[in-house]
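Reviewing the structure listed below.
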Amino acid sequence: MFLLLLLLIACSSSGIADCDAGGTGSLSLTLDLPDQSWAAEPSVRVYSEDGAVVQTVEATETLELPGGLYTLAAWRGTVDSGAIGTAFGLLDNTVTRVCVTDGATTEWSGTWERQPSGEHLWVLSGEAAYGFGPEALDDVEADPAITLDMPLTNDLRGLAFDPMGNLWTATSPTYGARFLVYPPSGVDGSAEPVVVGGGRFDDQIQFEGLQFDESGHLWALVKWSNSVEIGLWQFTTDQLHALLGEGTVPDEPASDVEVEGLEGPDDLAVGPDGRLWIADYGSNRVVAIDGDLVAEGTVTVSPEVSFKARWEPPTGPGDGIGPTALGFDAEGRLWVNYWANPMLARFDSLPTGSDQWTPDLRVGDDVLSLVAGLAPDRNGRVWYGNEPQDGAGELVALDRDDGTETVRVRSADALAPSTLVFDPSFR
């Protein structure tokens, strides 16, 4: 369990608020880590008061730092195990503010434990999130191991895990959109979520997807129901740390990015090139924009990539219509889920410019019904949700190389699977 020791610093919020800068002090970090072969190393990232990363610590270490206020973010570690993988991190208090004072030592200790959200495929359906373990995904009929009923919702529109292992989901209740944030220990509903709302969140907006980039910034795909403005909100790590470390709720994003040409976006993903890729259902296009728009305020950008899928089958030209989800497999290949003419398409090289691109692999409507979501696992498969409307939803896996179906799991709980996310995520 997480343990925080501030031996020479008062733990009260007033003590932190009165933290004096100047001089040099010591910050002793003790990382209690399990003996694992890490695919992604666990760490503590130390941030200065202005939000810059001072140092990333991957083992017990004592740092000599200028006196002042610092933020510690305990990033999880991941292990490749089976199709999904395992996540180890703190179970609570994943972000902490500490004060380093001249001539004194501040001590912090954290224990990385197996996080209960890991080793699951998470599926949004209706007003709940369901976690399916690896055993369930090898069966024909599956019951979720975890059911997380969401408050304040009639429309779940995104799910993502931050680098510390907190679960974030976006919901659009009747009045104003909200983020709901669950600590790693509370993904089974045993803890009340932090509710992020108010301010700009009440401007009749609707979230369509969530994604964390490699630096830990949060991107939210946004549509306004009372205007044609469509784009992305970006929240910096500094804003997220203020929320998780001291409960300060951001009332507006650090970047408000309007993307020209979007008509009805449904999903986003961070590509291997660092760009943000968006499935735009309304224009039948997939677009990509620069992913380095951090704390830019209000900006308008043109897509760097904007393409439609088209191919030449024997019966005449075909088009990908209504892209609703996308993702990248281990080789960095782009997969797109098309809803209107049910199809999954794979592009082996990342499209460029604004043109038509021919998929290198297509899985067509002879096996698909109402498809939604897309997520690659660690065993060479790509999963999607299917809604055959016969009393159960389906979770289906395809071989990522030849597109053959390898698994089809039915669930009476996830009747209308939409967003699919593996934890730990794979990209």
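Each residue of the sequence shown is one higher than the last, beginning at 1 in the working numbering. The beta-carbon is built from N, C-alpha and C at its ideal position, and this holds for glycine as well.
Simplified DSSP assignment, three categories, for residue i
| i | result |
| --- | --- |
| PRO376 | strand |
| ALA269 | strand |
| ALA74 | strand |
| ILE205 | strand |
| ILE321 | coil |
| ASP138 | helix |
| THR436 | Given a span of 1 to 427 for the chain in the structure shown, any question on residue 436 remains unanswerable. |
| ASP242 | The sequence given here places Ala at residue 242; Asp does not occur at that position. Correct three-state label for ALA242: helix. |
| LEU5 | Note on LEU5: pLDDT 32, under 50, position unreliable in the model; no value is reported. |
| PRO184 | helix |
| GLY51 | coil |
| ALA10 | Reliability of the predicted coordinates at ALA10 is poor, the pLDDT of 31 falling under 50, and the value obtained from them is presented with this limitation in mind. Three-state result, ALA10: coil. |
| ARG362 | strand |
| ILE16 | helix |
| ARG178 | strand |
Straight-line gap, residue i to residue j (C-alpha atoms, nearest Å)
| i | j | result |
| --- | --- | --- |
| GLN356 | GLN206 | 29 Å |
| ALA177 | LEU156 | 10 Å |
| ILE84 | ASP273 | 23 Å |
| PRO22 | GLU107 | In the sequence as presented, Pro is not what sits at residue 22; that position holds Gly. The straight-line gap from Cα to Cα measures roughly 19 Å. |
| SER255 | GLN234 | 5 Å |
| ASP290 | VAL305 | 10 Å |
| LEU7 | LEU91 | Since pLDDT at LEU7 reaches only 31, below the 50 mark, its modelled position is unreliable, and the value read off the structure follows with that caveat. If I take the Cα positions, the gap works out to 22 Å. |
| GLY186 | ASN166 | 9 Å |
| PHE422 | VAL123 | 9 Å |
| ALA160 | THR169 | 6 Å |
| TYR182 | PRO193 | 5 Å |
| PHE132 | GLY68 | 44 Å |
| PHE307 | GLU208 | 20 Å |
| PRO455 | ALA325 | Lying outside 1 to 427, the shown extent of the chain, residue 455 is not represented and no answer is given. |
| ARG381 | ARG346 | 12 Å |
| PRO42 | GLU58 | 6 Å |
| THR236 | ARG200 | 16 Å |
| SER425 | PRO66 | 36 Å |
| ASP238 | SER48 | 10 Å |
| TYR70 | LEU218 | 21 Å |
| ALA87 | TRP311 | 40 Å |
| ASP20 | GLY118 | 40 Å |
Identity of the residue in the options nearest residue i by Cα
| i | options | result |
| --- | --- | --- |
| ASP360 | VAL371, SER354, THR352, ASP348 | ASP348 |
| ALA279 | ASP251, GLU312, ALA340 | ALA340 |
| GLY126 | SER190, THR171, THR86, GLY186 | THR171 |
| VAL396 | ASP138, THR324, VAL54 | ASP138 |
| GLY297 | LEU232, VAL287, LEU420, GLY51 | LEU232 |
| PRO323 | GLU252, LEU121, LEU334 | LEU334 |
| SER190 | MET150, THR237, GLY198 | MET150 |
| GLY158 | ASP18, ASP377, GLN211, TYR182 | GLN211 |
| VAL299 | LEU326, PRO253, ALA59, GLU331 | PRO253 |
| GLU394 | ALA309, THR94, PRO417, HIS217 | PRO417 |
| THR358 | ALA59, SER425, ALA309 | ALA309 |
| ASP266 | THR71, LYS223, VAL257 | LYS223 |
| SER354 | GLU387, ASN386, SER302 | SER302 |
Whether residue i touches residue j by CB criterion (7 Å)
| i | j | result |
| --- | --- | --- |
| LEU443 | ASN337 | Because the chain spans 1 through 427 in this model, residue 443 falls outside it and cannot be assessed. |
| ALA392 | ARG408 | no |
| VAL371 | TYR384 | yes |
| ALA40 | GLY77 | yes |
| THR105 | SER28 | yes |
| TRP75 | PRO163 | yes |
For this session: Would you check if the region 261-278 and the region 235-253 touch, i.e. whether three or more CB-CB distances between them fall below 8 Å?
Result: In short, these stretches do not touch, since the Cβ pair count stays below three.
Touch test, the region 110-123 against the region 29-44, Cβ-Cβ under 8 Å, three pairs minimum: Touching, yes, given that three or more Cβ pairs across the two stretches are closer than 8 Å.
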